[in-house]
Amino acid sequence: MSSTSVYPTPINTFKQSKRSVLSVIVDNEPGILARIVGLFSGRGYNIEALNVTVVDVKKNLSRITIETLGEEKVISQIIAQLEKLVPVHSATNLAYLSESYEAEICLVKIEFENEEQDQKILNFADIYRSRTVQKRQNVVVYEISGTSERINKFLDDLDTIGGIKVELVRSGPIGLGI
Amino acid sequence: MTNENEFTGADILLKALKDQEVDTIFGYPGGAVLPIYDAIFGQNFLKHVLVRQEAGAVHAAEGYARSSGKVGVLLVTSGPGVTNVVTGLTDALMDSIPIVCISGQVPSHLIGTDAFQECDTTGITRPCTKHNYLVKDVSKLSETIHEAFKIASSGRPGPVLIDIPKDVQFAKSKYISKKDISFREHRIKAGSKNVDKIFVEELVNHIKKSERPIFYVGGGCLNSGHQASQELIKLVNKTNIPITTTLHGLGCFPGEDKSSLGMLGMHGNYEANLAMNKCDLMINIGARFDDRVTGRLDAFSPDSIKFHIDIDQSSINKNVKVNFHTNTDITLTLKEINSFIESNNINFDDKDYSNWWGQINEWRKKECLHYEQGDEVIKPQHAISRLYELTKQKDTFVTTEVGQHQMWAAQYYKFSKPNRWITSGGLGTMGFGMPAAVGAQMANPDSLVIDIAGEASFLMNIQEIATAVQYKLPIKIFILNNEYMGMVRQWQELLHGSRYSESYVDALPDFKKLAESFNAVGVRAKNISELDDTINEMISIDRPVIADIWVDKKENCFPMIPSGAAHHEMLLSKYDKENPENQEKGKVLV
Ligand SMILES: Cc1ncc(C[n+]2csc(CCOP(=O)(O)OP(=O)(O)O)c2C)c(N)n1
Ligand SMILES: [Mg+2]
Numbered sequence: 054m055s056s057t058s059v060y061p062t063p064i065n066t067f068k069q070s071k072r073s074v075l076s077v078i079v080d081n082e083p084g085i086l087a088r089i090v091g092l093f094s095g096r097g098y099n100i101e102a103l104n105v106t107v108v109d110v111k112k113n114l115s116r117i118t119i120e121t122l123g124e125e126k127v128i129s130q131i132i133a134q135l136e137k138l139v140p141v142h143s144a145t146n147l148a149y150l151s152e153s154y155e156a157e158i159c160l161v162k163i164e165f166e167n168e169e170q171d172q173k174i175l176n177f178a179d180i181y182r183s184r185t186v187q188k189r190q191n192v193v194v195y196e197i198s199g200t201s202e203r204i205n206k207f208l209d210d211l212d213t214i215g216g217i218k219v220e221l222v223r224s225g226p227i228g229l230g231i
Numbered sequence: 086m087t088n089e090n091e092f093t094g095a096d097i098l099l100k101a102l103k104d105q106e107v108d109t110i111f112g113y114p115g116g117a118v119l120p121i122y123d124a125i126f127g128q129n130f131l132k133h134v135l136v137r138q139e140a141g142a143v144h145a146a147e148g149y150a151r152s153s154g155k156v157g158v159l160l161v162t163s164g165p166g167v168t169n170v171v172t173g174l175t176d177a178l179m180d181s182i183p184i185v186c187i188s189g190q191v192p193s194h195l196i197g198t199d200a201f202q203e204c205d206t207t208g209i210t211r212p213c214t215k216h217n218y219l220v221k222d223v224s225k226l227s228e229t230i231h232e233a234f235k236i237a238s239s240g241r242p243g244p245v246l247i248d249i250p251k252d253v254q255f256a257k258s259k260y261i262s263k264k265d266i267s268f269r270e271h272r273i274k275a276g277s278k279n280v281d282k283i284f285v286e287e288l289v290n291h292i293k294k295s296e297r298p299i300f301y302v303g304g305g306c307l308n309s310g311h312q313a314s315q316e317l318i319k320l321v322n323k324t325n326i327p328i329t330t331t332l333h334g335l336g337c338f339p340g341e342d343k344s345s346l347g348m349l350g351m352h353g354n355y356e357a358n359l360a361m362n363k364c365d366l367m368i369n370i371g372a373r374f375d376d377r378v379t380g381r382l383d384a385f386s387p388d389s390i391k392f393h394i395d396i397d398q399s400s401i402n403k404n405v406k407v408n409f410h411t412n413t414d415i416t417l418t419l420k421e422i423n424s425f426i427e428s429n430n431i432n433f434d435d436k437d438y439s440n441w442w443g444q445i446n447e448w449r450k451k452e453c454l455h456y457e458q459g460d461e462v463i464k465p466q467h468a469i470s471r472l473y474e475l476t477k478q479k480d481t482f483v484t485t486e487v488g489q490h491q492m493w494a495a496q497y498y499k500f501s502k503p504n505r506w507i508t509s510g511g512l513g514t515m516g517f518g519m520p521a522a523v524g525a526q527m528a529n530p531d532s533l534v535i536d537i538a539g540e541a542s543f544l545m546n547i548q549e550i551a552t553a554v555q556y557k558l559p560i561k562i563f564i565l566n567n568e569y570m571g572m573v574r575q576w577q578e579l580l581h582g583s584r585y586s587e588s589y590v591d592a593l594p595d596f597k598k599l600a601e602s603f604n605a606v607g608v609r610a611k612n613i614s615e616l617d618d619t620i621n622e623m624i625s626i627d628r629p630v631i632a633d634i635w636v637d638k639k640e641n642c643f644p645m646i647p648s649g650a651a652h653h654e655m656l657l658s659k660y661d662k663e664n665p666e667n668q669e670k671g672k673v674l675v
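Chains G and R supply the protein sequences, listed in that same order.
Residues 54 to 231, numbered by the working numbering, are exactly what the first sequence covers, in order.
Residues 86 to 675, numbered by the working numbering, are exactly what the second sequence covers, in order.
Have a look at this one:
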């Protein structure tokens, strides 16, 4: 048994903000992206990342993947609001599926100055199984994919190498339930 | 080459409106809709009502829709024509009113060039419509219009806008009739047609177990149709459970019935708010736990099990977490509840909730709507009470503006049928009531239509009196003239140390003369002895009438739950003082 505190402990009222990845199937029509983005900004929700592409040309469907932050209640409200939009077929929180896969792609351009840096870069690239897109004398471009977390770690590791210059682009996560 | 099966976009629009059984359209012309006006010129199934400002058209369409249960339709030109309806579209979205707005747009090839009277109509109206369209191809026009009507009226109703570039109004295509269109289900969002049997059974079981149940009924009940009200009345009579309604729920259940606790919320009845606070079972039928109803959320009905019937999934657990919910239509669900009770011979006779009713009757003894009418100055509450008494035998529709008069109307005018009470709740749009009365009178030509107004609100859309005169619409504008933006003055008195900053309505017109200048009729009551005669005179005149009722300028609207306070922290009169801590917190709220 634990002893009673001499001062009362305040109840933690901080709301739990969780990262969620939402997968939305929509009719590919003018204004659909504006509708979705407008819903988020108008109701004060966050968009951490966003990805949109046509996935079924015949049926004219796009899949939109949105990474967002919010407590569970907010995420359910976002889903309900998305499903009210006329062109939306479905909105799914990937976290609620029993099985789902997530990937993000990142292209990184790294400029380095010396052999030692080159070796360290090569080493990390190897560990993370990133693909070399192009290599010139003092610059290399890698493609790395996986969960956003995996890419974050790769970038953190690169950060430990001093004196190099990194430029990158990320697709934002995409995901699929099974 | 001309093909006789092909029609211009403008003609297709008219054909589609006819197909949708639209017989009235509110509008205002301009360059980008001239082809449509040309098509209107040569036909006679559609009555066009020329308003005096587009804001009038959209509120008239709302009044028409609310009072008739049909979709209201309006037609406006590009640019300023459509920006003038943004308030009304937002109003219709907040209050779930089915309307379709047709707007003209500059020709397709000029879109994006900052052409004369061009604006990004779909961009501007996207957040204030349920859905909107820019039709760039005339062959898509028929389908788009039919889908727009379907979306406006299905599920949780709302406003839909169709923007039609001028060249598309001239271009030709085949017309596709309503019956030949198959809607894509995911776009219509009509809500489930299957009644949730488990929900129904749980609800009946909880009713039987509960000691302090209450029905909390909102505008969703209205939108579900008249039958929803019939089923609700049946259920209340069977169970003897008290019922309170929101501002929009008024009329879904007869206001004078013994089971009715009246309206709840910020200016709701003492007994209604306390019953919500103390109940052990809350049955929410088509209400959305709006902040004007719940007061401070953490103190809202802390001990109740909550059931929620709402066709809109996003209304569930949005503000208040509920224990059970269903998204099936209210009529279907209530029907099932009633038939479940009947077929299982469930009897509520042993369950008369006598302790609960005893408690409620104690609260009723507070007589929260009591006021003292002296023998000179007219009390605004009294003016509404008299208006009610002198019109209740008639087939009456009441619209309102926004402010104290609106709340007094909600408190003192009793409604026994749905769709008779037409007010701007969610958005609180001053200037709503008079054009809404125009719309309601168009839909109900033989009924008595009264706009209960404040003098400040009335000035916001005063031009529409000309519309009423032109179309011989005998609407009555019943102004509770207190020379103040009364509701603003009241908040300043209660929350801002009586510093009446800019809330006095100076330089008011002489409303009687103003009526006369419009060829309407003006009447006036300056004191209590003139009140009944003035009301009777107003009713008896078969023309638009402005009744200027001079009321007590300093009267406040009570009861009141100040923003940020809880239901049991209600102020009942000017002698009640607000908890100063709440006052500071409430100041920042609206
Ligand atoms: C378009 C608009 N602007 C401002 C407000 C804020 N507001 C709410 S009530 C009110 C005063 C209304 O005055 P009046 O119409 O005379 O009604 P009273 O309260 O005096 O009965 C104001 C300014 C509003 N609701 N709508
Ligand atoms: Mg006033």
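Glycine residues also receive a C-beta, built at the ideal position from the N, C-alpha and C atoms.
- Query: Counting contacts by CB-CB distance shorter than 9 Å, is G/ARG88 in contact with chain B?
  - Reply: The question asks about chain B, but that chain is absent: this structure's protein chains are G and R.
- Query: Nearest to G/PRO226 by CA position, among G/GLU82, G/GLU120, G/ARG88 and G/PRO83, is which residue?
  - Reply: G/GLU120
- Query: Between the C-alpha atoms of G/THR66 and R/THR514, what's the straight-line distance to the nearest angstrom?
  - Reply: For G/THR66, the pLDDT reaches just 49, beneath the cut-off of 50, and the residue's location in the model is therefore unreliable, leaving the point undetermined.
- Query: Going by the CB atoms, is the gap between R/ALA632 and R/ILE564 shorter than 9 Å?
  - Reply: In this structure, R/ILE564 places its C-beta atom within 9 Å of the C-beta atom of R/ALA632.
- Message: Taking CB distances under 9 Å as the criterion, tell me whether R/LYS215 reaches chain G.
- Response: yes
- For G/GLN69, decide whether its Cβ has a neighbour in chain R, counting only Cβ atoms nearer than 9 Å. no
- Query: Counting only runs that start and end within the region 315-355 of chain R, where is the beta strand (DSSP E) found for 3 or more residues in a row?
  - Reply: 328-330 and 345-348
- Member of R/ARG137, R/GLU286 and R/TRP635 whose CA lies at the smallest distance from the CA of R/LYS464: R/TRP635
- For R/TYR660, is the classification buried or exposed, using 16 other Cβ atoms within 10 angstroms of its Cβ as the cut-off for buried? exposed
- Query: Taking buried to mean at least 16 other C-beta atoms within 10 Å of its own C-beta, is R/GLU89 buried or exposed?
  - Reply: exposed
- Query: How long is the line joining the alpha carbons of R/HIS231 and R/ASN402, rounded to whole angstroms?
  - Reply: 33 Å
- Message: Shorter than 8 Å, the distance from the beta carbon of R/MET492 to the closest heavy atom of ligand 2, or not?
- Response: Not so, every heavy atom of ligand 2 lies at least 8 Å from the Cβ.
- Contact residues within the region 622-650 of chain R, judged by C-beta distance below 8 Å to chain G: none
- Item | Whole alpha helix (DSSP H) elements within the region 441-478 of chain R, 4-residue minimum | 465-476
- Task: Using three-state DSSP, classify G/PRO83 as helix, strand or coil.
- Result: coil
- Going by the beta-carbon positions, is the gap between R/ILE682 and R/LEU119 smaller than 9 Å? Given that chain R is displayed from residue 86 to residue 675, the structure contains no residue 682 of chain R and the question cannot be resolved.
- Message: Only counting the same chain, and skipping five residues up and downstream in sequence, which positions put a Cβ closer than 6 Å to that of G/LYS218?
- Response: GLU164
- Message: With three or more beta-carbon pairs closer than 8 Å as the criterion, would you say the region 176-188 of chain R touches the region 242-252 of chain R?
- Response: yes
- Message: Within 10 Å of its beta-carbon, does R/THR162 have 16 or more other beta-carbons around it, so buried, or fewer, so exposed?
- Response: buried
- Message: Given this structure, state the Cα-to-Cα distance separating R/ILE61 from R/SER227, to the nearest angstrom.
- Response: Residue 61 of chain R lies beyond the range of chain R shown here (86 to 675); nothing can be said about it.
- Message: Just to confirm my understanding: we take R/THR411, look at its own chain, exclude 5 residues before and 5 after, and list those with CB closer than 7 Å. What are they?
- Response: ASP281, PHE284, ILE394 and THR418
- Message: Quick check on DSSP: helix, strand or coil for G/THR66?
- Response: Residue placement at G/THR66 is poorly supported in this model, since its pLDDT is 49, which falls under 50; the coordinates are not used for a value here.
- Going along chain G, which residues have a C-beta under 8 Å from R/HIS393? What R/HIS393 touches in chain G: nothing, since even the nearest Cβ is about 13 Å away.
- Query: Among R/ARG381, R/ILE535 and R/LYS263, which residue has its Cα nearest to the Cα of R/GLY671?
  - Reply: R/ARG381
- Task: Please name the residue in R/PHE643, R/LEU135 and R/ARG609 whose C-alpha comes closest to that of R/VAL630.
- Result: R/ARG609
- Task: Please name the residue, chosen from R/ILE535, R/GLN312 and R/THR93, that lies closest to R/ASN621 on a Cα-to-Cα basis.
- Result: R/ILE535
- Message: Can you tell me whether R/LEU195 is helix, strand or coil according to DSSP?
- Response: In the structure shown, the three-state DSSP call for R/LEU195 is helix.
- Task: Determine the direct distance from the alpha carbon of R/ILE196 to that of R/VAL134, and round the result to whole angstroms.
- Result: 29 Å
- Message: Does the beta-carbon of R/TYR218, which I'm using as the reference point, lie nearer than 8 Å to any heavy atom of ligand 2?
- Response: R/TYR218: no, Cβ never under 8 Å from ligand 2.
- Which residue from R/GLY539, R/HIS455 and R/GLU474 puts its Cα closest to that of R/THR485? Answer by Cα proximity: R/GLY539.
- Neighbour flag for G/ALA148 against chain R, beta carbons, 9 Å: no
- Message: Taking 8 Å as the cut-off, is the beta-carbon of R/MET545 closer than that to any non-hydrogen atom of ligand 2?
- Response: False, no ligand heavy atom lies under 8 Å from that Cβ.
- Message: Tell me the rounded alpha-carbon separation between R/SER42 and G/ASN205.
- Response: For residue 42 of chain R there is no data in the structure shown, the boundaries of chain R being 86 and 675.
- If you check the beta carbons only, do R/LEU366 and R/PHE385 fall under 9 Å apart? No, these two residues do not count as a Cβ contact at 9 Å.
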